[in-house]
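Structure record follows, encoded as structure tokens.
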Amino acid sequence: MIMRTWRGAVRPEDADRYLEHQAGTGVREYRETPGNRGAYVLRRDRDGLVEVTTVSLWESMDAIRAFAGDDPEVARFYPGDDDLLVDKDLHADHFEVVSADLDPDALTS
Numbered sequence: 001m002i003m004r005t006w007r008g009a010v011r012p013e014d015a016d017r018y019l020e021h022q023a024g025t026g027v028r029e030y031r032e033t034p035g036n037r038g039a040y041v042l043r044r045d046r047d048g049l050v051e052v053t054t055v056s057l058w059e060s061m062d063a064i065r066a067f068a069g070d071d072p073e074v075a076r077f078y079p080g081d082d083d084l085l086v087d088k089d090l091h092a093d094h095f096e097v098v099s100a101d102l103d104p105d106a107l108t109s
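Note that full-length UniProt numbering has the sequence shown beginning at 1, numbered continuously upward.
Below you can see the structure in the form of structure tokens.
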């Protein structure tokens with residue numbers, strides 16, 4: 001399994017709107033792509049902004065290419081992103097998941 005991460009930041013007053021926008025664009029497309037195993041969206045306050053990190057899980061790099069295109073290191077953006085993002089990573093990072101030990105209840109609390 002491969003973990004893909006990406007980070008961006010928005011003004012605090014735009015955070016909820018951006019998270020809704022992201023849920024309807026990138027996260028929705030993650031989940032619609034065969035080979036996607038799920039996604040987390042993380043947020044934290046940092047330096048006067050709200051930092052948003054997406055963590056998506058994939059069966060393979062081929063599955064990621066089906067979502068991201070031929071160069072999966074390049075982040076994907078959607079119409080409307082630039083209206084809300086004040087900072088964004090232009091590249092995504094990928095990690096091979098070598099172990100996981102999650103409490104099944106952790107996802108519902």
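Built from N, CA and C at the ideal position, the CB exists for glycine as well.
Asked: Beta-carbon proximity check, ALA75 vs HIS91, cutoff 8 Å; Found: yes
Asked: Reduced DSSP category for PHE77 - H, G, I as helix; E, B as strand; rest coil; Found: coil
Asked: Sequence ranges, alpha helix (DSSP H) only - wholly within the UniProt domain "ABM" (7-68), length at least 4; Found: 15-24, 26-32, 61-68
Asked: Contact set for residue 134: own chain, Cβ-Cβ below 6 Å, skip 5 residues either direction; Found: The structure shown has nothing for residue 134, since the chain only spans 1 to 109.
Asked: Run of the beta strand (DSSP E) containing ASP71, from where it starts to where it stops; Found: First-last for ASP71: undefined, no H or E at that position.
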